[in-house]
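In the working numbering, the protein residues as written are 2 to 349.
Backbone N, C-alpha and C fix where the C-beta goes; we use that ideal spot for every residue, glycine too.
So this is what it looks like as structure tokens:
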């Protein structure tokens, strides 16, 4: 068994419907990866931007070579990282885009990073097939205007929910996903993770999800085709892929937590799910150690599960980052990781 991954949700309908939509756009990339392969490995030396929204100059990515895919089949990157860090998510994303030869299909909740917008425009002008899905709330971003004015095809989700995905499929071979929005804060100030996986089967899964939104304009709950490859093998690691609500992603998370034998560690930007908290408490009753890190903002209220879990014996801490701790990660027995953009919330 190994790690898992997901994506995130939305916010404009009545709460019950919103919960379904958020779960739907969890893009529950709940993947099962293994501990091996979860090591950052630079693709090229590309700089980044500083935290408060001011743009920094990013060096151009290295010239793409004929080798489209990176060598390591599973890579994980973490933010925040200072400008100029080769292994940072911004540098790695730009290097990945620079490698593209045939297609780049991105579903980004929010596009603010100018260098990423410029990379999409350059690919479009080079003849690479580029498509972008985003949430209508961020239509007026300067970076988005750059993309639109260049003629890059963009589809906005104007529905009552949120198109909260953060993934990109490159050349039908590589998938970029995780908790990281393509914004200055998420890349250079907040705590986030980004995952790069090389797998044609996994890429087909994400491309199918992208096409439902881009081609069919289908957002949130409703008819959906089955995920082409629910389980794939990446470099000898079993990977389970879930898209909610059709794949019952929360149920998969509950099964994973319910199978803990020794320890559950988690980092949560938002954790209001009663079902998930109760599953953790049940394992504590069987001697499993639970440790959790909560984003300070919003913790301690009526709905977050930090105090509830602490009262039942969990070791709970609040994040000290002056920015935002934006992770959505659960680690079970130091062997299984659930990660992505799925918040552990009632609205997810």
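For residue 345, there is no enclosing beta strand (DSSP E), since its DSSP letter is neither H nor E.
Counting only the Cα atoms, residue 173 lies some 14 Å from residue 74. Excluding sequence positions up to five before and after residue 276, its CB lies within less than 8 Å of the CB of 251 and 255, all in the same chain and listed in chain order.
Secondary structure note for residue 206: its alpha helix (DSSP H) is the uninterrupted segment 201–215.
A buried status is given to residue 125, since no fewer than 16 other beta-carbon atoms sit within 10 Å of its beta-carbon. In this structure, the straight-line span from the alpha carbon of residue 346 to that of residue 121 is close to 33 Å.
According to the DSSP secondary-structure assignment, residue 178 is paired through a beta bridge with 196. Here the region 227–243 lies against the region 199–206, with 3 or more beta-carbon pairs under 8 Å apart.
Bounds of the beta strand (DSSP E) holding residue 268 are 264–269. Taking C-beta separations shorter than 8 Å and ignoring five residues to either side along the sequence, the partners of residue 148 in its chain run 112, 118, 121, 122, 133 and 155, following chain order.
When the beta-carbon positions are compared, residue 102 and residue 131 stay at least 8 Å from each other.
Within 10 angstroms of the beta-carbon of residue 221 lie 16 or more other beta-carbons, which makes it buried. Residue 141 counts as exposed, since fewer than 16 other C-beta atoms from the protein chains shown sit within 10 angstroms of its C-beta.
Closest in alpha carbon position to residue 157, among 212, 295 and 279, is 212. Remark: C-beta atoms of residue 108 and residue 191 do not approach each other more closely than 8 Å.
As summarised for the region 212–262, the continuous alpha helix (DSSP H) elements at least 4 residues long and confined to that stretch are 250–259, given in chain order. In terms of Cβ geometry, residue 284 and residue 258 form a close pair [threshold 8 Å]. With a beta-carbon spacing of about 30 Å, residue 175 and residue 294 fall beyond the 8 Å limit used to define contacts. Annotated three-state conformation of residue 163 is coil, per DSSP. Residues of the same chain with a CB within less than 7 Å of the CB of residue 224, apart from the 5 flanking positions on each side, do not exist. Bridge pairing for residue 316: 292 [DSSP]. Taking C-beta atoms as the reference points, residue 271 and residue 181 fail to come closer than 8 Å. Taken in chain order, the complete alpha helix (DSSP H) segments of 4 or more residues contained in the region 93–165 are 115–126 and 143–150. For the options 115, 198 and 179, the alpha carbon positioned closest to that of residue 146 is the one of 115. For residue 218, same chain residues with a beta-carbon under 8 Å away, outside a window of 5 residues either side, are 156 in chain order.
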